[in-house]
Structures are given as C-alpha cells and as structure tokens.
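In my numbering, the protein residues as written are 57 to 281. Scroll down for the structure; my scribbles are underneath it.
What follows is the structure in structure tokens.
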C-alpha cells in the first residue's frame, strides 16, 4: 500500500467484535499484532527456495519477488521516487505500484530479504492508515506468496479476529468496504460476524481474502451473499 485515504464504516452496520480504539494499551496491542503478522510473512519468505521467487503469485501479473518488493515499500520507497512515479502515471497509484514492484522485483533475493527483515521489526504504516491496514496488507500478500508455492500460512485466532474487524474500516485502496457492503459475513471457525444482508459463511481467512479481492478460497464460502 502507499498513501491512502481512510474510510469510515457505514453507521447502519455494526461489527460485534470491533475493539475499543482508545488508549495506549490498545495502540500497543495493535502494533504488536501488526509486527506478528509481518514476522509470520518473513518466516515464510525466508524458507522459499530460489526457484519459488519467480513463481507467479496470486496477485495477477506479479511474481513472488514482485510481491515481496511491494511489501518492502514500507521501508524502501522514498518520497522522491513516489512523486516521480505518480507524475509518470498521472496520479494512478495502482499503476505506479504495479510498475515499480515489477521493476524493484528484479533485485537480488538477498536485498529483498534484508529489506523484509527491516519491515518485520517496524510498526510503520502508510500515512493516514492504521496498524490493522498494514496487517491486512501483510496477511493478503502472505497468502499471495505462500499459496502460490504450495505452502501453508500459520493462523492465530485472536489475530484473525482483529484482521476481520479491520475489514469494514480498511483504507479504500484495499477495496474491502465496497465488497462487504450489504452482506452479512459469518465465520464458521471463530466467533465473528459482521453486517446485514444476504449471508456469506466460511472460514474467516477465506472471508478476509474474498473481501480483499482474492478468489482463491471462494469455494470455501457458501451462502447467497
């Protein structure tokens, strides 16, 4: 993700498990979960075989190395490069990100790993975004990489619930808000539900991925929504 604008969730819909957002304790807890999500991604990437890096990921048009390069923008993308890139793409943030990720993706594996290790110990997120936005980004791209090379992604129920809570209020460039509008999502593996409308049921990880535009686990979901 890059510079984004936050989105306020519709007031007519209530998420029963949204955490209190006030207080230093909550802020520190959110940062800890963000760091845990990034550390989990790092563990998977460190275990990749050299040939895995050129495998097409679940992010259309991106190899695994391009996805890692994109995640590393948290520590490698400077303001000057961003401004020039945005000018070249006439303000199209998605086109800039896609083009730059493929360009930077060509760098040696060792450089990607060094940068990702810095990301994994940093709670920094893009301007105007929240720790949950950064964690959702890491979660989705973790699956983009791991599932493409036949690896499992470790799960943590508390963190999954926190990620799911963040979906309705996620930055607009993740695109969740429109996708979850007018549906009721019900997790079948943890105690979590959100929204009103036609129901969608399934594992919470599948719900999160679908809300973020990934179709890989749509077959694990059911319901008219």
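Glycine included, every Cβ here is placed at the ideal spot set by N, Cα and C.
query: Residue 256: first and last residue of the uninterrupted alpha helix (DSSP H) it sits in; result: First-last for residue 256: 255-258, but that is the beta strand (DSSP E), not the alpha helix (DSSP H).
query: Residue interval of the alpha helix (DSSP H) (run including residue 173); result: 165-176
query: Nearest-angstrom beta carbon gap, residue 176 and residue 98 [assumed within contact, 8 Å]; result: 4 Å
query: DSSP state of residue 182 mapped onto helix, strand, coil; result: coil
query: Separation of residue 246 from residue 160, as counted between CA atoms; result: 38 Å
query: Supposed contact pair residue 277 and residue 284 - C-beta distance, whole angstroms, cut 8 Å; result: Only positions 57 to 281 of the chain appear in this structure, which leaves residue 284 out of reach.
query: Continuous alpha helix (DSSP H) stretch holding residue 115: start and end; result: Unbroken run through residue 115: none, as it is neither H nor E.
query: Three-state secondary structure (DSSP) of residue 102; result: helix
query: Close beta carbons around residue 200, own chain, < 6 Å, minus the five adjacent residues each side; result: 113, 114, 115 and 123
query: Environment of residue 164 [buried if 16+ CB atoms lie within 10 Å]; result: exposed
query: Nearest-angstrom beta carbon gap, residue 101 and residue 169 [assumed within contact, 8 Å]; result: 7 Å
query: Contacting residues, own chain, Cβ-Cβ under 7 Å from residue 281 (five flanking each side not counted); result: 239, 240, 253, 254, 255 and 256
query: For residue 93, three-class secondary structure by DSSP; result: helix
query: Alpha helix (DSSP H) segment containing residue 202, residue limits; result: 187-202
query: Of the listed residues 234, 181 and 203, nearest to residue 262 (C-alpha basis); result: 203
query: Environment of residue 185 [buried if 16+ CB atoms lie within 10 Å]; result: buried
query: DSSP bridge partner residues for residue 242 (one or two, in chain order); result: 249 and 257
query: Residue 235 versus residue 229 - alpha carbon distance; result: 12 Å
query: Where residue 234 falls: helix, strand or coil (DSSP); result: helix
query: Given residue 213 as reference, the closest of 198, 243 and 224 once Cα atoms are compared; result: 243
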